[in-house]
């Protein structure tokens with residue numbers, strides 16, 4: 129069947145004007161934040177209901193057309209890129225909050241609800257949606273679930289997975305499954321909901337999600353601490369974690385900080401220059417807790433794990449300290465960074481980082497390297513910045529050759545080649561560094577159960 | 129092949145004396161705490177290593193022998209019952225704690241580690257394993273994972289699922305999979321670990337689990353409150369949850385309390401007799417928190433949601449208050465209770481309980497009914513006590529006829545027919561009240577991926 133006949137069929141399934149094929153839409157909705165692949169979708173479909181999603185999937189099965197789900201397009205693994213004539217299924221028009229229950233602390237969301245929209249909704253009801261990260265203003269709940277989004281509060285609140293109380297999904301065969309229905313306890317066989325979380329749309333599409341909310345945190349207080357070396361960050365984490373329930377424990381390097389301070393719109397935390405910084409946060413619920421935090425801070429100074437530090441005394445200062453960490457991603461975007469999003473268990477971080485640093489220094493001598501990450505979760509973001517005068521393709525090719533050594537080190541430490549960005553297309557060929565051949569074979573067999581015709585986001589996680 | 133030839137082959141795979149076929153062993157290791165099915169296993173096998181488990185599974189595939197995993201045998205759904213000539217694989221000799229890491233707060237356990245053993249180990253290291261329930265002294269970690277055990281601290285700490293950082297499993301085809309390796313963040317495709325949690329050994333057997341520990345709770349303090357009716361329990365929960373992070377919120381009926389007090393070894397909480405009681409617990413980390421709790425308590429009295437109450441002032445009093453709730457299960461065991469373990473979302477509990485109460489009153493007029501449960505999770509345990517003079521079979525038959533109405537009500541409220549006990553054989557025929565035909569079909573297809581010959585605990589969750 130010709131492309132135009134396919135498009136006509138597709139149009140008949142949706143509301144008027146909800147299939148776009150103009151060059152601008154194909155370009156904007158055919159990609160995510162990665163820059164490696166050129167978008168080349170057949171069309172962009174905007175369903176308005178679960179029934180329309182089912183109709184698209186059934187049609188795609190019949191016509192053997194590949195579908196790519198599309199949310200806020202902020203992904204960093206090309207999981208939402210349509211580079212091979214796929215139909216992009218955008219959830220931009222399924223973006224309503226359908227229900228809220230204050231006793232259950234749950235919100236029923238359509239997949240296109242923006243993360244920040246849910247965060248604000250929670251706040252209006254004196255509650256808290258704790259999954260937060262740099263792209264929260266654009267990313268959508270459906271996409272968050274597809275990648276099991278993490279971010280800056282995982283140490284206390286866990287991943288997106290921990291906040292999904294129920295899911296409605298349309299599987300690759302067009303069936304609607306209603307998984308777990310918002311229950312806290314439900315021991316009735318396999319928890320299929322868990323399979324769809326982090327599946328990057330390869331098993332089916334989320335059409336509704338019941339998200340759980342938390343108690344709003346009280347008097348959040350941040351400390352930024354400068355350390356003489358990376359290794360000192362670990363005993364600092366340990367010392368604080370023994371006494372306090374941390375809501376965040378982040379780190380960044382001097383180079384990351386320098387880039388953010390160069391913007392000129394964020395005040396420095398303190399004057400002492402240090403090679404590494406930790407940002408930690410906790411609920412200062414009482415004088416006692418505040419005193420405990422100060423006592424640990426002093427202990428860390430005495431042990432010379434910390435050279436200088438500051439504790440926020442106001443909401444404004446809390447925000448400013450967080451900007452030092454949160455602005456990094458956006459700030460370095462200018463240099464088209466090659467991002468590695470890797471993790472190991474916390475105890476292995478220092479040795480792992482030393483090994484990686486050696487590789488990077490040996491192999492990227494001309495490139496600027498910016499480290500930051502969620503050290504309380506063992507998650508490191510290694511960013512290689514593109515020199516201004518280097519061609520993009522040449523830069524990515526050079527980075528890719530070093531990948532092997534980085535990932536071999538990840539494998540040696542039993543770590544993950546993708547901590548929170550997902551596999552998509554960018555990490556697909558490296559999956560075996562984190563998952564065994566047997567696991568990959570099983571994953572493919574599981575995919576075949578839900579998506580017998582292989583139409584759901586093919587080429588993502590695994591090659592077709 | 130004859131049974132004795134099979135047993136000889138099996139013996140050759142294991143250490144000397146680690147295959148038992150005497151009548152006593154078959155009887156004791158062929159059942160769990162349910163009393164509905166007569167044990168009839170072929171043999172009891174006690175592997176001592178992962179390799180031996182793999183050898184058993186490979187042999188079972190070759191000979192088409194069914195295997196039943198066996199832990200502490202405290203299950204309440206007959207998931208560990210071998211009633212059809214199966215080989216029981218007991219993990220009694222794989223019961224060591226293999227590793228501990230204080231930075232990662234993880235403990236590597238063999239599947240036969242007893243829950244209490246892990247709890248005590250955590251305590252020795254100033255940490256906390258928070259999954260706790262009546263059978264913690266006998267249940268094993270492998271079994272806890274198989275049923276995704278819940279218990280009395282779920283409101284704060286979640287289910288067993290939330291504490292499994294990594295799993296080594298032997299699948300139904302004898303492959304060893306090493307799932308998630310203790311990582312906090314790992315976005316490399318489907319989280320297969322989640323599938324094995326709550327799978328009741330139907331996909332494979334857990335041979336090693338990396339369990340996460342929590343910070344030890346500080347100054348745990350309990351309140352027992354008497355309420356004038358069931359409905360009042362809900363605003364009490366809501367009022368406390370708004371101000372405090374509760375570590376437990378349990379309820380029990382006057383009949384449950386009367387049975388426990390009749391033992392004579394637990395002091396009553398207070399004299400006022402009430403139809404229902406709530407037990408709640410929190411960390412009294414500061415004077416401020418204590419004052420908040422007292423203020424909410426007073427507010428609940430003023431609103432007449434609470435008739436009387438008491439707050440623990442010492443560790444001893446905390447323990448005594450907990451006994452009122454924790455002894456129920458053991459105390460009523462004397463009456464061979466028919467247990468219903470059902471759940472709905474919290475907001476639906478009052479209407480749901482009213483509906484169930486009506487059915488019970490209409491259909492069990494001669495039976496004593498004991499209610500208790502984890503109301504903070506929407507999980508109700510409805511226990512029908514067998515009259516002393518009634519035959520066991522007659523009693524269970526009568527109860528089973530009423531099941532249908534109970535489960536229809538569960539379905540009406542989008543609830544679960546098994547909140548935390550699992551499906552096993554006792555709930556197998558009722559699974560469709562909680563899971564759709566499409567879901568059940570998908571679950572069976574997923575099982576076939578991991579267990580192509582259908583030898584792993586067949587007849588559990590689904591009929592063979």
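Chains as they are written, first to last, in our numbering: chain A, 129 to 592; chain B, 129 to 592.
Built from N, CA and C at the ideal position, the CB exists for glycine as well.
All values reported here derive from a predicted model rather than from experimental measurement.
Nonlocal neighbours in the same chain, by C-beta distance under 6 Å from residue i, ignoring five residues either side
| i | result |
| --- | --- |
| residue 491/A | 530 |
| residue 353/A | 406, 434, 437 |
| residue 247/A | 257 |
| residue 488/A | 497 |
| residue 165/A | 206, 209, 211 |
| residue 412/A | 347, 349, 418 |
Sequence-distant residues of its chain with Cβ nearer than 7 Å to residue i (five each side left out)
| i | result |
| --- | --- |
| residue 282/B | 502, 505 |
| residue 249/A | 225, 235 |
| residue 388/A | 394, 452, 455, 456, 459 |
| residue 254/A | 344 |
| residue 476/B | 541 |
Beta-carbon proximity check, residue i vs residue j, cutoff 8 Å
| i | j | result |
| --- | --- | --- |
| residue 205/A | residue 551/A | yes |
| residue 173/A | residue 209/A | no |
| residue 195/B | residue 585/B | yes |
| residue 219/B | residue 203/B | no |
| residue 243/B | residue 269/B | yes |
| residue 465/A | residue 513/A | yes |
| residue 311/B | residue 473/A | yes |
| residue 103/B | residue 278/A | Residue coverage of chain B in this structure runs from 129 to 592, which leaves residue 103/B outside it and unanswerable. |
| residue 199/B | residue 168/B | no |
| residue 333/A | residue 197/A | yes |
| residue 328/A | residue 146/A | no |
| residue 555/A | residue 546/A | yes |
| residue 297/B | residue 367/B | no |
Cβ-based burial, residue i [other Cβ within 10 Å; buried from 16]
| i | result |
| --- | --- |
| residue 509/A | buried |
| residue 549/B | buried |
| residue 441/A | exposed |
| residue 267/B | buried |
| residue 453/B | buried |
| residue 157/B | buried |
| residue 443/B | exposed |
| residue 179/B | exposed |
| residue 292/A | buried |
| residue 222/A | buried |
| residue 544/B | buried |
| residue 275/A | buried |
| residue 391/A | exposed |
| residue 520/A | exposed |
| residue 592/B | exposed |
| residue 431/B | exposed |
| residue 494/B | exposed |
| residue 263/B | buried |
Integer-rounded CB distance, given that residue j should sit under 8 Å from residue i
| i | j | result |
| --- | --- | --- |
| residue 348/A | residue 439/A | About 12 Å separates the two Cβ atoms, so there is no contact after all. |
| residue 294/A | residue 308/A | 5 Å |
| residue 575/A | residue 330/A | 6 Å |
| residue 583/B | residue 139/B | With 8 Å as the limit, residue 583/B and residue 139/B do not qualify as a contact, their Cβ atoms being about 19 Å apart. |
| residue 317/A | residue 571/B | 5 Å |
| residue 373/B | residue 404/B | That pair is no contact at about 23 Å. |
| residue 416/B | residue 414/A | 5 Å |
Distance cut-off 7 Å: residue i Cβ against heavy atoms of the ligand FAD
| i | result |
| --- | --- |
| residue 441/A | The ligand content of the structure shown is nil, which means the ligand FAD is not present either. |
Spatial neighbours of residue i in its chain, beta-carbon cut-off 8 Å, leaving aside the 5 residues before and after
| i | result |
| --- | --- |
| residue 184/B | 138, 141, 142, 173, 175, 195, 215, 217 |
| residue 579/B | 299, 300, 301, 330, 331, 332 |
| residue 187/B | 137, 138, 141, 193 |
| residue 401/A | 354, 382 |
(message) Whether or not the stretch 230-249 of chain B and the stretch 325-341 of chain B are in contact is what I'm after, with contact meaning three or more pairs of Cβ atoms, one per stretch, closer than 8 Å; do they touch?
(response) Look at the beta carbons and you see the stretch 325-341 of chain B touching the stretch 230-249 of chain B: at least three pairs across the two are nearer than 8 Å.
(request) Take every Cβ of the stretch 378-395 of chain B, pair it with every Cβ of the stretch 420-438 of chain B, and state whether three or more of those distances are shorter than 8 Å. (result) Counting C-beta pairs closer than 8 Å gives fewer than three between the stretch 378-395 of chain B and the stretch 420-438 of chain B, which falls short of the contact rule.
(message) For the pair the stretch 533-541 of chain B and the stretch 478-485 of chain B, tell me if three or more CB-CB distances fall below 8 Å.
(response) Output reads yes: the stretch 478-485 of chain B touches the stretch 533-541 of chain B.
(request) Pull out every residue of the stretch 146-177 of chain A whose Cβ sits closer than 9 Å to any Cβ of chain E, in chain order. (result) Absent from the structure is chain E; the protein chains it does hold are A and B.
(message) Could you check whether the stretch 317-328 of chain B touches the stretch 387-401 of chain B, counting it as contact only if at least three pairs of C-beta atoms, one from each stretch, sit closer than 8 Å?
(response) Of all C-beta pairs linking the stretch 317-328 of chain B to the stretch 387-401 of chain B, fewer than three are shorter than 8 Å, placing the two stretches out of contact.
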